[in-house]
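Engineer: Mind having a look at this structure? Questions to follow.
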C-alpha cells in the first residue's frame, strides 16, 4: 500500500495513469519497484499513490512540481523502456491524463 | 471494476479522491452505488474510475466538463450528507485534489 502522499500546497502536476493489467507477473513487480526508486530520484518528484483491484484494474497517480518535471520523467531512458514493455506485455489497456492540481483538501 | 473511462478531448476537470477505508462495510457499498448513480445524473459529468487495494487504500477519479461542474457536485445535498458520513465512519483518512487535465493519451 502506498497510502496518501504528503504534498506541498498546490499548484503542482498530477499524472493519472489508469490501467488494466494482463494476466501473470512477467517481471512487472520488479519493474514497478525499480520505477518507483527511479522516479523518487528525479527533479521535481513530489509523491506517488497507487491502488489496484483484485481484478487487475489500477490507478497510479504521480505528483510533480510542474509540467516540465512530469515531461522529463516520461523521457528518462529506463522509464521509456519500461513504457515500451508495458505496451507490449503488462497492460491490456491504459490512459494517461496529465493535470494541474489547483486545490487540495482533506477531512 | 470500473475500467478506463471514455472521455472527450481535454481540457476537463479531474477530482482525485485518495482514501483509506475503515474496517467493515457499514453501509459503504450501498452509498457508493447511490453516489455513482447520482453523479451520472449531474450536469457536466464525464466519467468515473475507481480502484481499491485489498488493504483498503483506494483511488477514485471523477471527471467533469469543468471546475464549475465539479464544485456543483460537491454541493449536492445527498452527496454532502455522504461526505459527512465519510468523515465520521467510512474513511480513516483522505485527500481530494482538484485538477485541470491538459492532455491525455493511450497506448
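Residue numbers (this note's numbering), protein chains in the order written: chain L, 1 to 107; chain X, 1001 to 1107.
Glycine included, C-beta positions come from ideal geometry on N, C-alpha and C.
Keep in mind that this is a model prediction, so the values were computed, not measured.
Whole-angstrom Cβ separation of residue 108 of chain L and residue 1100 of chain X, contact assumed at under 8 angstroms?
Structural biologist: As displayed, chain L neither begins before 1 nor continues past 107, which places residue 108 of chain L out of reach and without an answer.
Engineer: Kindly indicate the opening and closing residues of the beta strand (DSSP E) around residue 1042 of chain X.
Structural biologist: Start at 1 with the first residue of the second chain, and residue 1042 of chain X comes out as number 42. Careful: residue 1042 of chain X lies outside any beta strand (DSSP E) and carries neither H nor E.
Engineer: What residues of chain X sit near residue 17 of chain L, judged by a beta carbon separation below 7 angstroms?
Structural biologist: Against the first chain, residue 17 of chain L aligns to sequence position 17. Correct list: empty, because the minimum Cβ distance to chain X is about 10 angstroms.
Engineer: Strictly below 9 angstroms CB to CB, what residues from chain X border residue 4 of chain L?
Structural biologist: Counting from 1 along the first chain, the entry for residue 4 of chain L is found at position 4. The answer, in chain order, is 1018, 1019, 1020, 1057, 1093, 1094, 1095.
Engineer: Beta-carbon separation of residue 7 of chain L and residue 46 of chain L under 8 angstroms?
Structural biologist: Taking the first chain and counting its residues from 1, the one referred to as residue 7 of chain L is at position 7. Taking the first chain and counting its residues from 1, the one referred to as residue 46 of chain L is at position 46. Yes; because the gap between Cβ atoms is below 8 angstroms, this pair is in contact.
Engineer: Determine whether the Cβ of residue 49 of chain L lies closer than 8 angstroms to any Cβ atom of chain X.
Structural biologist: In the first chain, residue 49 of chain L corresponds to position 49, counting from 1. Chain X contact via Cβ: present.
Engineer: Could you check the C-alpha separation between residue 14 of chain L and residue 58 of chain L for me, to the nearest Å?
Structural biologist: Stepping through the first chain from its first residue, residue 14 of chain L is reached at position 14. Stepping through the first chain from its first residue, residue 58 of chain L is reached at position 58. Residue 14 of chain L and residue 58 of chain L: Cα-Cα distance of roughly 16 angstroms.
Engineer: Can you check whether the C-beta of residue 85 of chain L is within less than 8 angstroms of a C-beta belonging to chain X?
Structural biologist: The count along the first chain starts at 1 and reaches residue 85 of chain L at position 85. Not one chain X Cβ lies under 8 angstroms of residue 85 of chain L.
Engineer: Are the C-beta of residue 99 of chain L and some C-beta of chain X separated by less than 8 angstroms?
Structural biologist: In the first chain, residue 99 of chain L corresponds to position 99, counting from 1. Yes, because at least one Cβ of chain X sits closer than 8 angstroms to the Cβ of residue 99 of chain L.
Engineer: Using the three-state DSSP reduction, which class does residue 1009 of chain X fall into: helix, strand or coil?
Structural biologist: Residue 1009 of chain X sits at position 9 when you count from the first residue of the second chain. Reduced to three states, the DSSP call for residue 1009 of chain X is coil.
Engineer: On the three-pair Cβ rule with 8 angstroms, is the segment 26–33 of chain L touching the segment 81–95 of chain L?
Structural biologist: With a cut-off of 8 angstroms, the segment 81–95 of chain L and the segment 26–33 of chain L count as touching, because enough Cβ pairs lie within range.
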